[in-house]
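Engineer: Residue numbers (the numbering used here): 103 to 208.
#1: Using 8 Å for Cβ pairs, my map puts residue 108 next to residue 189. What's the rounded Cβ distance?
#2: By the three-class DSSP mapping on this structure, what secondary structure does residue 193 have?
#3: Could you name the residues that DSSP lists as bridge partners for residue 159?
#4: How should residue 106 be labelled, buried or exposed, when 16 other C-beta atoms within 10 angstroms of its C-beta is the threshold for buried?
#5: Can you tell me where the beta strand (DSSP E) holding residue 178 begins and where it ends?
#6: Provide the residue span of the beta strand (DSSP E) that contains residue 126, from first to last.
#7: Can you tell which of 118, 120, 119, 138 has its C-alpha closest to the C-alpha of residue 179?
#8: Whether or not the stretch 150-159 and the stretch 115-124 are in contact is what I'm after, with contact meaning three or more pairs of Cβ atoms, one per stretch, closer than 8 Å; do they touch?
#9: Can you say whether residue 133 is buried or exposed, counting buried as having 16 or more other CB atoms within 10 angstroms of its CB?
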């Protein structure tokens with residue numbers, strides 16, 4: 103099963119326009135209950151470029167460095183997942199949740 107806050111390698115191509123492309127690490131942000139029932143998961147791609155946007159969270163954990171791009175979240179089919187790389191630590195997971203709440207605040 104695919105866990106929330108797992109860092110997975112995902113084949114994002116084909117893409118269009120300004121969507122992040124290539125095979126790259128991504129963070130699974132959809133809840134466990136949803137991940138267990140659907141063939142899709144919601145991911146936030148990780149880019150190697152670090153930009154100071156409010157929707158980008160710098161990450162430097164184990165084999166993953168760059169920025170979690172919350173402005174590029176999308177649903178993907180689980181068959182796009184190539185491998186699991188690692189898992190966010192508790193502090194980073196809470197930061198992702200806080201930023202998502204801010205991002206979708208009405």
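Each residue gets a CB set at the ideal place from its N, CA and C atoms; glycine is no exception.
Structural biologist: Straight from the coordinates:
#1: Contact holds; Cβ gap of about 5 Å.
#2: DSSP, read as helix, strand or coil, puts residue 193 in helix.
#3: Looking at the DSSP assignment, residue 159 forms a beta bridge with 170.
#4: Buried, by the Cβ-count rule.
#5: From DSSP, the beta strand (DSSP E) with residue 178 extends over 176-179.
#6: Annotation for residue 126: the continuous beta strand (DSSP E) segment containing it runs 125-130.
#7: The option with the nearest alpha carbon to residue 179 is 138.
#8: Not touching, per the Cβ criterion.
#9: By the neighbour-count criterion, in which 16 or more other beta carbons inside 10 Å mark a residue as buried, residue 133 falls on the exposed side.
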